[in-house]
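The opening residue of the sequence shown carries number 39 in this note's numbering; numbering runs sequentially from there.
Reading through the structure tokens given below for one structure.
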Amino acid sequence: MPQNWSASSGVTVENGSGCGALNRLKFDDADGLWVQYTFPAGKRADKVTYQYEEYDFDERMLFQQRISGVWSTVVTYNGTDNSGCVPSVTATVSPSATAIRWFQPQADPNDYIWLLSGLNLVVVETKGNVAGAVQVTNGPYPASASSPLYVVVVNGSGAIVASSPAITTPLQNGGNSYQISGVPEGGPYSVRVSTTSSGSPALPANWTSSPATGVSVVAAQTSSGVNVQLTGPDPNGDADGDGIKNGDEGGPSTDTDGDGKPDYLDKDSDNDGIPDSVEKGTGSTPVDTDGDSIPDYRDLDSDNDGINDVREGGGSATDTNNDGRADGTVDPTTGIPSSAGANGTTTPRDTDGDGKPDYRDLDSDNDGKSDLQENGNPAAIAGDADNDGVIDYSPANDPDKDGIMSPADGIPNTWGDASDPSPKNTGPNTTDAPDYINPKSDGTNNDINSTPYKNQDGNGDGKIDNTTDPDNDGIPNVIDTKPGNFGGLSAFDPNGDADGDGIKNGDEGGPSTDTDGDGKPDYLDKDSDNDGIPDSVEKGTGSTPVDTDGDSIPDYRDLDSDNDGINDVREGGGSATDTDNDGRADGTIDPTTGIPSSAGANGITTPRDTDGDGKPDYRDLDSDNDGKSDLQENGNPAAIAGDADNDGVIDYSPANDPDKDGIMSPADGIPNTWGDASDPAPKNTGPNTTDAPDYINPKSDGTTNDIIGTPNSGQDTDGDGKIDNPADADNDGVADVIDTKPGEFGGIGLVTPATPDLRPQINMTDVGFSSSATTKPLTVRIRNLRSGTTTTGPVTVRIYKPTPSSVITLTGASATAWTISSTPGYYLLTTNSPIAGLTNRDITASLTINPVTAGNFGLRVLIPNLAGGEALPDNGNNEASITIYGN
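Here it is, written out as structure tokens:
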């Protein structure tokens, strides 16, 4: 038999004939034969359709159903003792039936019946559906994946028999549709909301539900329009007793600190350890101390001084993980973290006893220094652009709405803090109070004595005497620069040195001065011009920062401190690079130090000093001491042209540096914008590109000392390519022996290659001539007095005729080495053979003088100006003469 069918013996399956030739069940002649179908669990019959064939049929056949274990007859068939096919018959079955059967109570020995197998048994589920809406009032209801809600069907015994899928998103006020499947047929049921989907239903705390009752379910059908009421807490109530209305705390879906307790049930909504009832204040409207639109009970830094309330609150609360929240397990009933105690910090610390607890007091110890300043967080201090002791507020400055402004927030886009630095403690040990609540931060001296308010402490207790403070910001009116407003005590100490570079904060310009535009004001920036050389180095050793080139921009803000056309980032040496040629060191700016990463963590603390003269290259006009200025050897034509007075320094004037970056316009790629652009790399004429550029290489070509062939070559007697005597009284890197401007910055002009210096000499042993024609030997010696040079081009010599008829004839080798031509007054001799430095070239000739009268005659030799490549007119030294005699 097929699944779920069973039969008594005497019932068989046969191939049919006649009525459709269907397979059929044959009931043999016997009493009590039966065949039955048992419904699977959760199923029932809706109706049964079948055919049967009579054959010699005069007994009864019963169609029965079983309900609660008892069989009852639905249809009785009485035989008519005739054979034939009975058409389709439909029998309706009770939904409560668990089985059906055909039963032959007794039989005639000669009769039998075939029940045809054209059977259509329609089986349906015994479960139905319920659908409707959850009508929410005083919502939304804060359903979530971790705190789901269900709509459940409850039977008369109070047990849940079916549930909706988990609702994991908030239910808004008004109707929220639902559907429940698999509800057992029957009823009446009640439908309600529950925080569990099985067992007994449970309502969420502080919520009430009005269930739908009398709900009946029909199998395979949906009972719709079954609405359930869900009512939240009264918005005008105060479920947690903190004095703030439930509605003002944002309703069930608002959980500021994310601890799983909505604010209206949480006695410490921001987990700072200070109860909401305290942070709310005494009025009906919760206090917002710093005016950032976040009330103190939700604000992790209520006074915007850069110190989180959990630290300023005092008491037992701790924040060892520096997340801005009190440590410990959050009490599931109160919402208070365990480190703050069972009731939280109910009496927050008031260090100076002025009636303002520290978390609302901008000068907690009343020493005339703001908490923001004494806390010592450079980023937080930099966030106070208007210098009033309060980190500046704007919505963009607090994107996560936790009340911690971004400059002081370790995770500005996520509620809470991270890696919050401990407040500064400069005392003699780490167990005394941090500076902001210690009027003697160093353990000895009153902090107020280093402020402009020393005279406000007449009794010497380290505090402002007159504590009158009508605007309640913790700043006494006598020093408050913004009376009537929250804030008014500068975090900026002009006499301090916040970045430790040896330059007073005031000298660096204050919070609004950021020379290099990297987001760190100079007084907090260890490299104010981003050239990779720390300010502490560029400042120099004196009390006044050095201004090497006298352009009114101190070196620590000057991108070309010596105005030689080479930016300091290149001359500094070390690891700093400038691949984008903008005059600044490459890399990410360290948010704490302000030093670009390519310069290393501490910057270039020992800048390069190529020639070892004690002047680092970025302050040295001749970095390799080869007698050629860095300006010239750098090879930037525009920069060289900017040195009109030819002293090795690009000429300074305010108009020549409109952007005040210390790079003069002729060398500045963007003269109207701070910084440089497309700064050309220094010239390198060496045999490869890996050797040093010319300005720091005394052998630029890799072979010959640069000083050779220059006017300064005589200053290098030891042949090392450098000026021997490096004495430099004015500290400009130009040795005094070649300095054209001793006592001034600069004094090394353009050096051109040395040119020959030719001098003539006449050698004639017999200078007497008779009255008859006489010929005498004559030698003219041409000497090149300048070592390292060689004549270029023709060398010309004039030998003037003693008498109009005098004749000069070349002799020996000179006859071929020189050409000679006669003019009315002199003979012109020319040679293309070069004359090297410190060598001679002799012209041998004969001088014939026709008969002359007695007397003295002059023989003069002249080398014309610029002959042989001489660079300068030198007629005064290019002449020789002797006197000859006639007898």
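Note that CB positions come from ideal geometry on N, CA and C, so glycine has one too.
Range covered by the beta strand (DSSP E) that runs through residue i
i    : result
T76  : 71 to 76
I922 : 917 to 924
Q267 : 266 to 269
I218 : 212 to 222
P798 : 796 to 801
S884 : 878 to 887
Q144 : No beta strand (DSSP E) contains Q144, which DSSP labels as neither H nor E.
Q259 : Taken as a continuous stretch (DSSP letters only), Q259 belongs to no beta strand (DSSP E), as it is neither H nor E.
CB contact flag (residue i, residue j, <8 Å)
i    : j    : result
P884 : T854 : The amino acid at residue 884 is misidentified as Pro; the sequence shows Ser. For S884 and T854, no; Cβs fall outside 8 Å.
G621 : L597 : yes
V73  : V131 : no
D662 : F783 : no
I198 : S236 : yes
G906 : T857 : no
Q259 : G170 : no
A257 : T323 : no
E609 : D655 : yes
T827 : G747 : yes
V955 : G275 : In this structure the chain extends from 39 to 925, so residue 955 is not present and cannot be described.
I837 : V899 : yes
I887 : T812 : yes
N822 : L897 : no
L338 : D409 : no
N568 : I701 : no
Identity of the residue in the options nearest residue i by Cα
i    : options                : result
G281 : N265, T292, D304, T294 : D304
D436 : N487, G525, G344, G373 : G344
N543 : D560, L527, D556, G555 : D560
P290 : G212, D739, P208       : P208
D424 : Q494, D447, K520, S331 : K520
P634 : F77, K558, V325        : K558
D618 : D499, P718, T648, A676 : P718
P416 : P704, S460, P395, R836 : S460
V516 : A536, D495, D535, G534 : D495
D539 : Y733, T356, K577, I312 : K577
T742 : P313, D777, D328, P791 : P791
K666 : D754, Y179, V348       : D754
G603 : G555, N510, T551, D706 : D706
I901 : G893, T921, I800, S219 : I800
Whole-angstrom C-beta distance between residue j and residue i, which should lie under 8 Å
i    : j    : result
G612 : I642 : 4 Å
V229 : V168 : 6 Å
A135 : Q103 : 4 Å
L788 : N684 : 6 Å
W712 : D697 : 5 Å
S377 : G366 : 4 Å
G465 : D485 : Going by Cβ atoms, the distance from G465 to D485 rounds to 11 Å, so no, they are not a contact pair.
V937 : P239 : This structure does not reach residue 937, given that the chain is present from 39 up to 925, and the question cannot be answered.
Exposure of residue i, with buried meaning 16 or more beta-carbon neighbours within 10 Å
i    : result
S47  : exposed
V687 : buried
N916 : buried
V316 : buried
D293 : buried
D766 : buried
A637 : buried
Y923 : exposed
L400 : buried
V108 : exposed
K318 : buried
G414 : buried
P508 : exposed
K564 : buried
D69  : exposed
A59  : Below a pLDDT of 50, predicted positions are generally treated as unreliable, and A59, at 45, falls in that range; the measurement from the model is reported next regardless. Exposed is the call here.
E908 : buried
Segment limits, alpha helix (DSSP H) that includes residue i
i    : result
V607 : 606 to 609
S315 : 314 to 317
T854 : 852 to 855
S574 : 573 to 576
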